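> The structure that follows is given in the form of structure tokens.
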Amino acid sequence: MCGIVGLFLKDKSLEPQLGALLAGMLVTMTDRGPDSAGIAIYSNETKDQSKIVVQSDTPEADFDGLEAALGNASGVTVKMAVSSTHAVLSVPNGSIDAVRTAIAAVNPALRIMSRGDTLEIYKEVGLPKDVASRFAIGTMSGSHGIGHTRMATESAVTTMGAHPFNTGNDQCLVHNGSLSNHNSLRRKLRREGIHIETENDTEVGAAYLTWQMQNGATLGEALESSLTDLDGFFTFVVGTKDGFGVVRDPIACKPAVMAETDQYVAFGSEYRALVDLPGIENARVWEPEPATVYFWSHAGQPIKEKAA
Amino acid sequence: MQTLDMAEIDLREMNATLHAQAENTNQTAWEIENPRGAHAIACGLDAPIEVTVKGSTGYYCAGMNKQATINIKGSAGPGVAENMMSGTVVIDGDASQYAGATGHGGLLVIKGNASSRCGISMKGIDIVVHGNIGHMSAFMAQSGNLVVCGDAGEALGDSLYEARLFVRGSVKSLGADCVEKEMRPEHLEILSDLLERSGADARPEEFKRYGSARELYTFKIDNAY
Chain A
8 MCGIVGLFLK DKSLEPQLGA LLAGMLVTMT DRGPDSAGIA IYSNETKDQS
58 KIVVQSDTPE ADFDGLEAAL GNASGVTVKM AVSSTHAVLS VPNGSIDAVR
108 TAIAAVNPAL RIMSRGDTLE IYKEVGLPKD VASRFAIGTM SGSHGIGHTR
158 MATESAVTTM GAHPFNTGND QCLVHNGSLS NHNSLRRKLR REGIHIETEN
208 DTEVGAAYLT WQMQNGATLG EALESSLTDL DGFFTFVVGT KDGFGVVRDP
258 IACKPAVMAE TDQYVAFGSE YRALVDLPGI ENARVWEPEP ATVYFWSHAG
308 QPIKEKAA
Chain V
75 MQTLDMAEID LREMNATLHA QAENTNQTAW EIENPRGAHA IACGLDAPIE
125 VTVKGSTGYY CAGMNKQATI NIKGSAGPGV AENMMSGTVV IDGDASQYAG
175 ATGHGGLLVI KGNASSRCGI SMKGIDIVVH GNIGHMSAFM AQSGNLVVCG
225 DAGEALGDSL YEARLFVRGS VKSLGADCVE KEMRPEHLEI LSDLLERSGA
275 DARPEEFKRY GSARELYTFK IDNAY
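Here's what the structure looks like:
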């Protein structure tokens, strides 16, 4: 099963409520998967700063003095804000790669959850309500976000096996379904030099999109080619710095429902996830079509493209 | 009119109340408030009552229905009226995947669109969709009638048996062993009755009929054990 949600705000006045709305949607989806939960939020762009979110199973020990150690190792100023097992590192624009290298050198046990200018990913083993309260997701503001609650099928129940997966700077992915060619695709992508951490199928899907985009594809093109190259079942919801997209495999047995009003575009695995959104009674509600890439962006017009 | 408010009682209590209605109940009209996309609403009913669900439903609404009339005043999630035996289910909005799957009898009316696998493995149910249907609809359909006033998606009627498929609009593609067939007077009569009973604004003459060519392995007697 798995439950996935997404919320893209058109109306800025809702931005302070983004975390609360998204967490509420995800908690409603709890019985689609109790193993782990995660939320990606796009928020608070700070001028000249980027963000790296790291996770530790022993945060008290690992985060103590981390700021200074990473500053010394990378040669840039690193500021850290700890939230439970996660820490958000603020680093100067353009220094993400240097700080990632420093993280690997200073403490290879730290896990990188996300990187980008506005993206923050929080994910842990446990129920959506526990994960949401652990990181105070309900208090977060933002322009858009996606979330996932997992029923594990293809790999172990761990923090790194939880969604969303970070696919590149400010890019992330949640997945409902299972990929059946992830082993061969993982080998192929590793040969191409793509770093894949776990035995999880979705991470391969995420890495595939990263690889496509590194080779010049737009996100829309990468999603479209995923319909050819990924074998298995999937409904994907992806986030980028200024938008979010949805694609379902051609068989489309993994459920999906969307709602749009003047204030937002919302995605849920089920209609239940959407019922507490403001104005849902008068929203346009529909089921996204199979093998079709949908994308909404703050920067441009919405896109709907049926794959050939 | 009896009202069951799902903001006040849980799903099991709501269904148990409806299950408790006997054949000769005089409480024949029920309203369900605040469905909020819940699963399995009004499932397994077996009494000649009329239930109106005031909103959209989640998985498996009206599943296994016998005798009852169930009106959904919103859209329905996956598996609506799955394995219906008799009675009527009317959806004002859209239906998600596998609406009316494996249904043995009764009438399912979808006034909006139905998505993929509508009427999959239907076994005698009548389904009338006022809008369009998605891919793989009527897959392995055994008997009954599927009427589509709009268009049908890919692979309509793949590997079907004796079900009759009537489509007014375009068919994106036919599934294996599904072919267009002549519309005979008895078919126009069946169609006319279903269109009238489902309140569809369409004329029988506008439809084409599709059915099994009976060419697959399963139809060859020499393949019998």
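Quick note, the sequences are listed as chains A and V, same order.
Each residue of the first sequence is one higher than the last, beginning at 8 in the numbering used here.
Each residue of the second sequence is one higher than the last, beginning at 75 in the numbering used here.
For glycine and all other residues, C-beta sits at the position ideal for the given N, C-alpha and C.
Model, not experiment: these values are computed from the prediction.
Would you check if the stretch 161 to 179 of chain V and the stretch 248 to 267 of chain A touch, i.e. whether three or more CB-CB distances between them fall below 8 Å?
Cβ pair count under 8 Å is three or more, so yes.
> Classify Tyr215/A as helix, strand or coil using the three-state DSSP reduction.
On the first sequence, residue 215/A is found 208 positions in, with the first residue counted as 1. In the structure shown, Tyr215/A sits in a helix (DSSP, three-state: H, G or I).
> Could you confirm whether any beta carbon from chain V is found closer than 7 Å to the beta carbon of Tyr278/A?
Working through the first sequence from its first residue, we reach residue 278/A at position 271. At least one chain V Cβ lies under 7 Å of Tyr278/A.
> Rounded to whole angstroms, what's the CA-CA distance from His178/V to Ala226/V? Just pull it up for me.
Here residue 178/V is taken as the residue at index 104 of the second sequence, counted from 1. Here residue 226/V is taken as the residue at index 152 of the second sequence, counted from 1. Looking at the two C-alpha atoms, the distance is approximately 22 Å.
> Helix or strand or just coil, what does DSSP make of Ser91/A?
Taking the first residue of the first sequence as 1, we reach residue 91/A at position 84. Of the three classes helix, strand and coil, the one that applies to Ser91/A here is coil, per DSSP.
> With 7 Å as the C-beta to C-beta threshold (strictly closer), list the residues of the stretch 209 to 220 of chain V near chain A in chain order.
Taking 7 Å as the Cβ-Cβ cut-off against chain A, the residues of the stretch 209 to 220 of chain V that qualify are His209.
> Consider the Cβ of His152/V: report whether some Cβ of chain A lies at a distance smaller than 7 Å.
As a position in the second sequence, residue 152/V is number 78, starting the count at 1. It is worth fixing the name first, because residue 152/V is Pro in this sequence and not His. Answer yes: the Cβ-Cβ gap between Pro152/V and chain A drops below 7 Å somewhere.
> Counting only beta-carbon atoms, is Gly132/V nearer than 7 Å to chain A?
Here residue 132/V refers to the residue found at position 58 when the second sequence is read from its first residue. Closer than 7 Å to some Cβ of chain A, the Cβ of Gly132/V qualifies, so yes.
> For Asp168/V, go through chain A and note every residue whose CB falls closer than 9 Å to its CB, in chain order.
Within the second sequence, residue 168/V is the residue found at index 94, counting from 1. Within chain A, the residues near Asp168/V are Val292, Trp293, Glu294.
> Report yes if the C-beta distance between Ile201/V and Leu182/V is below 7 Å; otherwise report no.
The residue you call residue 201/V lines up with position 127 of the second sequence. The residue you call residue 182/V lines up with position 108 of the second sequence. Closer than 7 Å, so yes.
> Please state the DSSP three-state secondary structure of Glu254/V.
Here residue 254/V is taken as the residue at index 180 of the second sequence, counted from 1. In this structure, Glu254/V counts as strand in the three-state DSSP scheme.
> So which of Asp64/A, Thr125/A, His155/A has the shortest CA-CA distance to Gly184/A?
Here residue 184/A refers to the residue found at position 177 of the first sequence. Of the candidates Asp64/A, Thr125/A, His155/A, the one whose C-alpha sits nearest the C-alpha of Gly184/A is His155/A.
> Would Arg110/V pass as an interface residue toward chain A - the criterion being a Cβ-Cβ separation below 7 Å?
Working through the second sequence from its first residue, we reach residue 110/V at position 36. So, interface residue.
> Are the C-beta atoms of Ala259/A and some chain V residue less than 7 Å apart?
In the first sequence, residue 259/A corresponds to position 252, counting from 1. Yes, Ala259/A lies at the interface with chain V (some Cβ there is under 7 Å from its Cβ).
> Considering only their Cβ atoms, is the gap separating Val241/V from Lys282/V smaller than 7 Å?
By one-based count along the second sequence, residue 282/V stands at place 208. By one-based count along the second sequence, residue 241/V stands at place 167. Yes.
> Would Pro285/A count as contacting chain V if we go by Cβ distances under 7 Å?
Translated into the one-based positions of the first sequence, residue 285/A becomes position 278. For Pro285/A, the answer is no, since every Cβ of chain V falls outside 7 Å of its Cβ.
> Using the C-alpha atoms, what's the distance from Val98/A back to Met138/V?
The count along the second sequence starts at 1 and reaches residue 138/V at position 64. The count along the first sequence starts at 1 and reaches residue 98/A at position 91. Approximately 59 Å between the Cα atoms of the pair.
> For Gly7/A, name the three-state secondary structure that DSSP assigns.
Absent from the structure is residue 7/A, since the part of chain A shown begins at 8 and ends at 315.
> Please state whether DSSP places Asp79/V in a helix, a strand or coil.
On the second sequence, residue 79/V is found 5 positions in, with the first residue counted as 1. In the structure shown, Asp79/V sits in a strand (DSSP, three-state: E or B).
> For the pair the stretch 164 to 177 of chain A and the stretch 202 to 218 of chain A, tell me if three or more CB-CB distances fall below 8 Å.
Short answer: they touch.
> In whole angstroms, what separates the C-alpha of Met159/V from that of Gly224/V?
Translated into positions along the second sequence, residue 159/V becomes position 85. Translated into positions along the second sequence, residue 224/V becomes position 150. C-alpha separation (whole angstroms): 26 Å.
> Going by DSSP in three states, Pro99/A sits in which element: helix, strand or coil?
For the purposes of this step, residue 99/A is taken as the residue at position 92 of the first sequence. Of the three classes helix, strand and coil, the one that applies to Pro99/A here is strand, per DSSP.
> For Ser189/V and chain A, any beta-carbon pair shorter than 7 Å?
As a first step, residue 189/V must be located in the second sequence, where it is residue number 115. Yes - at least one Cβ of chain A is within 7 Å of the one on Ser189/V.
> Name the chain V residues that come within less than 8 Å of Pro297/A, Cβ to Cβ?
In the first sequence, the residue the question calls residue 297/A occupies position 290. Here the neighbours are Ser190, Gly208, His209.
> Cα separation between Ala111/A and Phe241/A?
Here residue 111/A is taken as the residue at index 104 of the first sequence, counted from 1. Here residue 241/A is taken as the residue at index 234 of the first sequence, counted from 1. Using only the alpha carbons, I get a separation of about 32 Å.
> The beta strand (DSSP E) that contains Ile264/V, what's its start and end?
Translated into positions along the second sequence, residue 264/V becomes position 190. Run containing Ile264/V: none in the beta strand (DSSP E); it sits in the alpha helix (DSSP H), 259 to 271.
> Quick one: which unbroken alpha helix (DSSP H) runs of 4-plus residues sit fully inside the stretch 99 to 133 of chain V? Chain order, please.
Segments of the alpha helix (DSSP H) lying fully in the stretch 99 to 133 of chain V: there are none.
> Beta-carbon of Pro41/A versus every beta-carbon of chain V: anything under 7 Å?
Within the first sequence, residue 41/A is the residue found at index 34, counting from 1. It does not; no Cβ of chain V falls within 7 Å.
> If you draw a straight line from the C-alpha of Asn207/A to the C-alpha of Asn188/A, how long is it?
Locating residue 207/A in the first sequence gives position 200, where the first residue counts as 1. Locating residue 188/A in the first sequence gives position 181, where the first residue counts as 1. Cα to Cα, Asn207/A sits roughly 12 Å from Asn188/A.
> Going along chain V, which residues have a C-beta under 7 Å from Val282/A?
Residue 282/A sits at position 275 when you count from the first residue of the first sequence. Here the neighbours are Arg110, Gly111.
> Under a three-way DSSP split, which group does Ala266/A fall into?
Residue mapping note: residue 266/A aligns to position 259 of the first sequence, counting from 1. Strand, per DSSP.
> For the alpha helix (DSSP H) containing His189/A, name the first residue and the last one.
By one-based count along the first sequence, residue 189/A stands at place 182. Here the alpha helix (DSSP H) through His189/A covers 189 to 198.
> Helix, strand or coil for Val228/A, going by three-state DSSP, please let me know.
Residue numbering aside, residue 228/A sits at position 221 when the first sequence is read from its first letter. For the record, residue 228/A in the displayed sequence is Glu; it is not Val. Note: Glu228/A maps to helix in three-state DSSP.
> Under 8 Å Cβ to Cβ from Val164/A, same chain only, skipping five residues before and after it: list those, please.
In the first sequence, residue 164/A corresponds to position 157, counting from 1. Excluding positions up to five away in sequence, the list reads Asp42, Ser43, Val132, Arg157.
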